[in-house]
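So for the sequence shown, our numbering puts the first residue at 64; every next one is plus one.
In this text, a Cβ means the ideal position worked out from N, Cα and C, and glycines have one as well.
Reading through the structure tokens given below for one structure.
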Amino acid sequence: MSKGKILIVEDEKKIARLIQLELEYEGYETATAHTGADGLSLFQGQQFDLLILDVMLPGLSGLEVLRRIRANNQFISVILLTARDSLPDKISGLDLGANDYMTKPFEIEELLARIRVWLRHQSTTVEESSILQIGDLTVDEKTRIVIREGNTIELTPREYDLLVYLLKNKNQVLSREQLLTNVWGFDYYGDTNVIDVYIRYLRKKIDAPYSNPYLHTVRGVGYMLKE
Ligand code: CA
64 MSKGKILIVE DEKKIARLIQ LELEYEGYET ATAHTGADGL SLFQGQQFDL LILDVMLPGL
124 SGLEVLRRIR ANNQFISVIL LTARDSLPDK ISGLDLGAND YMTKPFEIEE LLARIRVWLR
184 HQSTTVEESS ILQIGDLTVD EKTRIVIREG NTIELTPREY DLLVYLLKNK NQVLSREQLL
244 TNVWGFDYYG DTNVIDVYIR YLRKKIDAPY SNPYLHTVRG VGYMLKE
């Protein structure tokens with residue numbers, strides 16, 4: 064069984080290859096990209112546990128790749144590879160949400176040790192996590208904080224409950240009756256029109272300002288949250 068899947072984005076092919084061979088020897092699954100753009104598209108198309116990201120990349124820089132990844136994903140551990148004496152890169156990298164960095168040239172053993180640390184850290188975070196997610200929208204059930212594309216969204220308690228229920232049942236069509244029963248409770252003898260009203264409120268806040276909507280109307284049936 065794989066110990067985790069790691070994406071390596073490094074334009075120096077020899078270094079990329081060396082890291083890849085070491086990681087595979089250690090039992091990790093890997094994927095490698097030699098440009099920032101390729102790295103980003105690999106990242107968006109597959110599920111990874113950790114990202115090793117060179118800062119100095121041709122075209123899209125490592126820091127730009129990091130910025131774009133963090134806009135949608137707060138969870139993946141990212142280790143930056145930086146050149147010696149590039150303190151500004153290290154500082155911007157950490158500000159942009161990198162977990163750690165390695166200064167080139169580095170000992171592969173040290174990189175392996177840091178990978179173990181961050182993967183362990185990540186697995187505890189995920190276990191304790193109370194995060195519900197669809198695409199770039201996340202809800203933290205512990206703090207009740209709702210975020211889309213890095214923006215905090217203010218919801219009323221009822222809108223929040225509705226969103227959480229939709230998230231917990233995402234990719235399923237939910238009838239108005241189902242929503243009324245589960246979100247408003249059995250003792251609410253209201254018209255199911257209340258659902259349409261609240262869906263409209265929710266849509267305005269979570270979907271309207273963004274390019275792709277998650278909240279879909281299924282004509283004659285109800286509503287569904289999906290990407
Ligand atoms: Ca480089």
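Which one of the options has the shortest CA to CA distance from residue i?
{"i": "Asp158", "options": "His279, Arg133, Met287, Leu288", "result": "Arg133"}
{"i": "Leu230", "options": "Leu150, Ser238, Leu200", "result": "Leu200"}
{"i": "Met287", "options": "Leu265, Ile139, Pro151", "result": "Leu265"}
{"i": "Ile210", "options": "Gln137, Gly285, Leu120", "result": "Gln137"}
{"i": "Val260", "options": "Ile78, Leu150, Phe111, Arg239", "result": "Arg239"}
{"i": "Gly198", "options": "Tyr277, Ile178, Tyr91, Ser65", "result": "Tyr277"}
{"i": "Gln185", "options": "Val202, Lys167, Asn162, Asn275", "result": "Asn162"}
{"i": "Thr244", "options": "Glu290, Glu212, Tyr228", "result": "Tyr228"}
{"i": "Asn275", "options": "Val281, Ile258, Glu290, Lys268", "result": "Glu290"}
{"i": "Glu89", "options": "Arg207, Lys268, Ile69, Gly102", "result": "Ile69"}
{"i": "Arg179", "options": "Tyr273, Leu114, Gly213", "result": "Leu114"}
According to DSSP, what are the bridge partners of residue i?
{"i": "Ser238", "result": "Gly285"}
{"i": "Gln110", "result": "DSSP output for Gln110 lists no bridge partner at all."}
{"i": "Val202", "result": "Leu195, Val209"}
{"i": "Ile142", "result": "Ile115, Asp163"}
{"i": "Asn214", "result": "Arg211"}
Got a sec, what are the start and stop residues for the beta strand (DSSP E) residue i sits in?
{"i": "Gln137", "result": "Where Gln137 is concerned, there is no enclosing beta strand (DSSP E), given that its DSSP letter is neither H nor E."}
{"i": "Leu70", "result": "68 to 72"}
{"i": "Arg211", "result": "208 to 211"}
Name the two residues that bound the continuous alpha helix (DSSP H) containing residue i.
{"i": "Glu87", "result": "76 to 88"}
{"i": "Glu92", "result": "Not the alpha helix (DSSP H): Glu92 falls in the beta strand (DSSP E), residues 92 to 96."}
{"i": "Lys256", "result": "Inspection of the sequence shows that residue 256 is occupied by Asn rather than by Lys. Unbroken alpha helix (DSSP H) run through Asn256: 256 to 269."}
{"i": "Asp148", "result": "Asp148 -> no alpha helix (DSSP H), and no H or E assigned at all."}
Inspect the CB distances between the segment 102 to 121 and the segment 145 to 163 and report whether three or more fall short of 8 Å.
These segments touch.
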